[in-house]
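Going down the list, the sequences are from chains R and V. Just so we're aligned, residue 1 is where the first sequence starts under my numbering, counting upward by one. Just so we're aligned, residue 1 is where the second sequence starts under my numbering, counting upward by one. To start, the structure itself, in structure tokens.
Number of protein chains: 2
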Amino acid sequence: MPKLRVHNVAMSLDGFAAGPEQGPENPLGVGGERLHEWIFETRYGRAMIGQEGGTEGVDEAFLRRGDDNIGATVMGRNMFGPIRGEWGDSSWSGWWGDEPPYHHDVFVLTHHPRADLVMKGGTTFRFVTDGLDSALGRAFAAAGGRDVRLGGGAATIRAALDAGLVDELHVAVAPIVLGLGEPLFAGNVAAAYQVTDLTPSERVTHYVLTKSA
Amino acid sequence: MPKLRVHNVAMSLDGFAAGPEQGPENPLGVGGERLHEWIFETRYGRAMIGQEGGTEGVDEAFLRRGDDNIGATVMGRNMFGPIRGEWGDSSWSGWWGDEPPYHHDVFVLTHHPRADLVMKGGTTFRFVTDGLDSALGRAFAAAGGRDVRLGGGAATIRAALDAGLVDELHVAVAPIVLGLGEPLFAGNVAAAYQVTDLTPSERVTHYVLTKSA
Numbered sequence: 001m002p003k004l005r006v007h008n009v010a011m012s013l014d015g016f017a018a019g020p021e022q023g024p025e026n027p028l029g030v031g032g033e034r035l036h037e038w039i040f041e042t043r044y045g046r047a048m049i050g051q052e053g054g055t056e057g058v059d060e061a062f063l064r065r066g067d068d069n070i071g072a073t074v075m076g077r078n079m080f081g082p083i084r085g086e087w088g089d090s091s092w093s094g095w096w097g098d099e100p101p102y103h104h105d106v107f108v109l110t111h112h113p114r115a116d117l118v119m120k121g122g123t124t125f126r127f128v129t130d131g132l133d134s135a136l137g138r139a140f141a142a143a144g145g146r147d148v149r150l151g152g153g154a155a156t157i158r159a160a161l162d163a164g165l166v167d168e169l170h171v172a173v174a175p176i177v178l179g180l181g182e183p184l185f186a187g188n189v190a191a192a193y194q195v196t197d198l199t200p201s202e203r204v205t206h207y208v209l210t211k212s213a
Numbered sequence: 001m002p003k004l005r006v007h008n009v010a011m012s013l014d015g016f017a018a019g020p021e022q023g024p025e026n027p028l029g030v031g032g033e034r035l036h037e038w039i040f041e042t043r044y045g046r047a048m049i050g051q052e053g054g055t056e057g058v059d060e061a062f063l064r065r066g067d068d069n070i071g072a073t074v075m076g077r078n079m080f081g082p083i084r085g086e087w088g089d090s091s092w093s094g095w096w097g098d099e100p101p102y103h104h105d106v107f108v109l110t111h112h113p114r115a116d117l118v119m120k121g122g123t124t125f126r127f128v129t130d131g132l133d134s135a136l137g138r139a140f141a142a143a144g145g146r147d148v149r150l151g152g153g154a155a156t157i158r159a160a161l162d163a164g165l166v167d168e169l170h171v172a173v174a175p176i177v178l179g180l181g182e183p184l185f186a187g188n189v190a191a192a193y194q195v196t197d198l199t200p201s202e203r204v205t206h207y208v209l210t211k212s213a
């Protein structure tokens with residue numbers, strides 16, 4: 001059975017997957033970019049922003065694992081971009097440039113309809129206005145037997161955890177405290193998950209949580 | 001300046017320092033004892049319950065560090081015992097037998113007055129009914145220039161963090177998810193703390209948080 005997987009979610013020690021006051025000027029919330037510093041130390045992370053070099057250790061391996069056997073992606077609107085409300089005549093096409101690193105269909109949850117956006121390299125952004133279940137249904141169909149990755153943001157992941165839909169969740173705990181922000185786990189059914197892998201790197205501690213049978 | 005230090009607080013990956021439904025039958029809440037399994041693998045932890053043997057690695061070192069240069073302890077009532085309400089004619093003298101491992105004054109926060117309880121080995125339990133600030137004042141006086149340790153439970157630690165009173169906080173993150181329980185960090189000023197040490201062991205990940213200057 002294809003799985004719904006979440007990978008490379010960075011969380012602060014105090015449980016936040018984004019800082020407070022998320023918005024156009026702070027897409028990850030105040031201080032939230034510190035959650036992701038470990039990513040940009042790696043080869044994978046540097047390639048995402050068009051840079052060469054980077055480390056190739058534990059963190060790199062976890063980042064790559066997030067792409068293995070993934071046939072489609074679902075994400076919340078805030079992960080796609082900072083724009084809120086109607087799309088208007090926006091030419092916003094995501095954070096990832098002309099050739100996003102997905103190379104498959106990406107279903108973006110939104111309350112506002114928008115036409116499909118075909119990008120270079122096989123990525124098509126498809127905007128889903130009728131909710132998470134619908135997006136997941138379309139994503140599993142598009143994935144053709146492979147797994148579906150659920151991207152962020154935290155609210156989207158939390159909703160899927162609450163509904164018991166996530167099969168595997170990989171969290172990278174960054175050694176920072178944010179004090180306020182968007183919690184990853186609050187009020188969900190996390191107790192249904194077991195930690196099946198714990199691997200510290202030099203920068204973060206990786207936890208893989210698997211839904212109990 | 002003597003410091004207020006918190007040591008060896010076990011927290012689940014989802015941020016809980018005790019499970020849900022704490023009470024006489026579940027002093028650590030449902031599932032909460034899993035937070036502390038790492039302690040009873042060590043020599044220090046086994047000695048606490050009158051057993052021999054145990055590991056002597058990273059976890060042991062952190063447990064011992066919690067005693068270094070401590071002159072007095074403050075703890076919440078729930079850490080002292082499972083009894084709620086009036087003390088009555090209770091002969092409860094803590095979880096630790098006739099000779100508790102403190103060997104100094106221990107100030108127990110309670111709403112209900114009780115006479116001092118002098119134990120073997122230099123530990124005296126003193127019951128404080130006028131709040132955390134008062135208990136800390138008495139503890140620093142009793143510590144005679146050494147540091148004061150703040151024990152649990154989670155609610156007591158949270159209150160002290162909220163008030164900006166904690167200088168150093170050592171958290172051991174256990175690779176479990178509880179789903180519900182008593183949060184360690186919720187709604188406090190954790191952002192004022194920096195992670196100054198991160199040391200994984202085979203069983204938990206140790207974080208030392210130090211208050212920013």
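Beta carbons: idealized from backbone N, C-alpha and C, even for Gly.
Item: For V:Thr129, count neighbouring Cβ atoms within 10 angstroms of its own Cβ and tell me buried if that reaches 16, exposed if not.; Value: exposed
Item: Give the residues of chain V in contact with R:Leu35, contact being defined as C-beta atoms less than 7 Å apart.; Value: Result: empty, since nearest Cβ-Cβ is about 13 Å, beyond 7 Å.
Item: Sort out for me which residues DSSP pairs R:Gly76 with in a bridge.; Value: R:Leu109
Item: Can you have a look at R:Glu168 and say buried or exposed, based on whether 16 or more other CB atoms are within 10 angstroms of its CB?; Value: buried
Item: List the residues of chain R whose Cβ lies closer than 9 Å to the Cβ of V:Ile39, in chain order.; Value: Going along chain R, no residue has its Cβ under 9 Å from V:Ile39, so there is no contact; the nearest lies around 18 Å.
Item: Between R:Gly29 and R:Ala135, what straight-line distance do the alpha-carbon atoms span, to the nearest angstrom?; Value: 26 Å
Item: Can you list, in chain order, the residues of its chain with a C-beta nearer than 8 Å to that of R:Leu209? Leave out the 5 residues immediately preceding and following it.; Value: Glu168, Leu169, His170, Val171, Ala190, Tyr193, Gln194, Val195, Thr196
Item: Chain R beta carbons: is any one of them nearer than 8 Å to that of V:Ile83?; Value: no
Item: Please decide whether R:Ile176 counts as near chain V, where near means a Cβ-Cβ distance under 8 Å.; Value: yes
Item: Taking Cβ to Cβ, would you say R:Phe62 is nearer than 8 Å to R:Ile49?; Value: no
Item: Just to confirm, is the Cβ distance from R:Thr73 to R:Arg149 under 8 Å?; Value: yes
Item: What are the start and end residues of the alpha helix (DSSP H) that includes R:Thr205?; Value: Not the alpha helix (DSSP H): R:Thr205 falls in the beta strand (DSSP E), residues 205-211.
Item: Spell out whether any CB of chain V is found under 8 Å from the CB atom of R:Leu198.; Value: yes
Item: Out of V:Glu56, V:Leu132, V:Ile83, point me to the one whose CA is closest to V:Phe107's CA.; Value: V:Leu132
Item: With R:Gly85 and R:Trp92 assumed to form a contact (beta carbons below 8 Å), what rounded beta-carbon distance in angstroms separates them?; Value: Going by Cβ atoms, the distance from R:Gly85 to R:Trp92 rounds to 12 Å, so no, they are not a contact pair.
Item: Taking the DSSP output, what are the residues bridged to V:Val128?; Value: V:Leu109
Item: Suppose you measure from the CA of V:Met1 to the CA of V:Ser212; what does that come to, to the nearest Å?; Value: 15 Å
Item: Output the distance between the C-alpha atoms of R:Pro100 and R:Gly153, rounded to the nearest integer angstrom.; Value: 18 Å
Item: For R:Val6 versus R:Val173, is the C-beta distance shorter than 8 Å?; Value: no
Item: On the premise that R:Phe16 lies in contact with R:Pro175, defined as a C-beta separation below 8 Å, what is that separation, rounded to the nearest angstrom?; Value: R:Pro175 to R:Phe16, Cβ: 13 Å. No contact.
Item: Does the beta-carbon of R:Gly57 have 16 or more other beta-carbons within 10 angstroms, so that it is buried, or is it exposed?; Value: exposed
Item: Strictly below 8 Å CB to CB, what residues from chain R border V:Ala164?; Value: It should be pointed out that residue 164 of chain V corresponds to Gly in this sequence rather than to Ala. The contacting residues do not exist; V:Gly164 stays about 12 Å from chain R at best.
Item: Look up R:Phe185 in the DSSP assignment and say whether it is helix, strand or coil.; Value: coil
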